[in-house]
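The block underneath contains the structure these notes are about, expressed in structure tokens.
Residue numbers (this note's numbering): 567 to 818.
Printed below as a string of structure tokens:
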């Protein structure tokens, strides 16, 4: 088989699984409820905040506080996107059917990941009304805002890859949801100062290094850093490779 034929076959296989998953998101009301709730909650937390931490109290044309809330919203919402990706296949018995098709494990994993990431990205796009509102009210830093959104997409890829892996390790959606939420929360809280002070020394340094909150912080502040991009991409790829390994084990 020629190189171009292999590329075409890869594209066709990924597109087939992607279409199945994407239609699954669009054909259920949960996807639309998710999008509306995400927009409403992110808008409320940014503009009104909790206590005296609202946009109106700060009176600054900046998206920093919006990006501060996004990781926490992801911890609640992203598991809802990923919990069905493999658990539903296990429940309905379609995993075995997938294994009988001429599809490679990495093609299936990649297609499911892209579908979930694309859906999350589409939901995140609904929040662009927020920076447009701020821009109308004041002098918004467009570059910093774009950097923040890039960070949100990259952080989302990390959470989704974790959720996809956990979904492959569980047989029901509730377990997949709860475990994904806990693992994502774990990786995020590792970068918080109280946790680092409690760990201390080399343990604190290692926890800070693998923490997703630490690597997201520059994006939140509007800073593009190649090291943070590399880490989030590496984190995502590692989780996806682990997912492929899990599938290979099941196939045997």
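Note that beta-carbon positions come from the ideal geometry of N, C-alpha and C, so glycine has one too.
**Message:** With H, G and I counted as helix, E and B as strand and the rest as coil, what does DSSP make of residue 627?
**Reply:** coil
**Prompt:** Do you know whose CA, among 657, 604, 594 and 651, lies nearest residue 635's CA?
**Reply:** 604
**Request:** Output the distance between the C-alpha atoms of residue 629 and residue 570, rounded to the nearest integer angstrom.
**Result:** 44 Å
**residue 586 and residue 656 closer than 8 Å at C-beta** = no
**Request:** For the alpha helix (DSSP H) containing residue 593, list its first residue and its last residue.
**Result:** No alpha helix (DSSP H) holds residue 593; DSSP gives it neither H nor E.
**Asked** Can you name, in chain order, every residue of its own chain whose Cβ lies under 8 Å from the Cβ of residue 653, other than the five neighbours on each side?
**Response** 733, 736, 737, 738, 739, 741 and 742
**Prompt:** What is the DSSP secondary structure of residue 777, reduced to helix, strand or coil?
**Reply:** coil
**Item:** Residue from 752, 815, 632 and 592 with nearest C-alpha to residue 724
**Value:** 752
**Item:** Ordered list of alpha helix (DSSP H) runs contained in the stretch 634-722, each at least 4 residues
**Value:** 660-666, 671-691 and 695-703
**Prompt:** Do you know offhand how far residue 754's Cα is from residue 801's?
**Reply:** 13 Å
**Prompt:** What distance in whole Å lies between the Cβ atoms of residue 647 and residue 685, which are believed to be in contact at a cut-off of 8 Å?
**Reply:** 6 Å
**Request:** Thinking residue 788 and residue 709 are a contact (beta carbons under 8 Å), I'd like their distance in whole angstroms, please.
**Result:** 7 Å
**Prompt:** From which residue to which residue does the alpha helix (DSSP H) around residue 751 run?
**Reply:** 739-755
**Message:** To the nearest angstrom, how far is the alpha carbon of residue 591 from that of residue 677?
**Reply:** 14 Å
**Asked** Quick one, which of 688, 687, 715 and 680 has its alpha-carbon nearest residue 697's?
**Response** 715
**Request:** Would you kindly check if the distance between the Cβ of residue 731 and the Cβ of residue 805 is under 8 Å?
**Result:** yes
**Prompt:** Where do the N-terminal and C-terminal ends of the alpha helix (DSSP H) with residue 557 fall, by residue?
**Reply:** Nothing about residue 557 can be read from this structure; the chain reaches only from 567 to 818.
**Prompt:** From this set, 766, 815, 717 and 816, which residue's C-alpha is nearest residue 780's C-alpha?
**Reply:** 717
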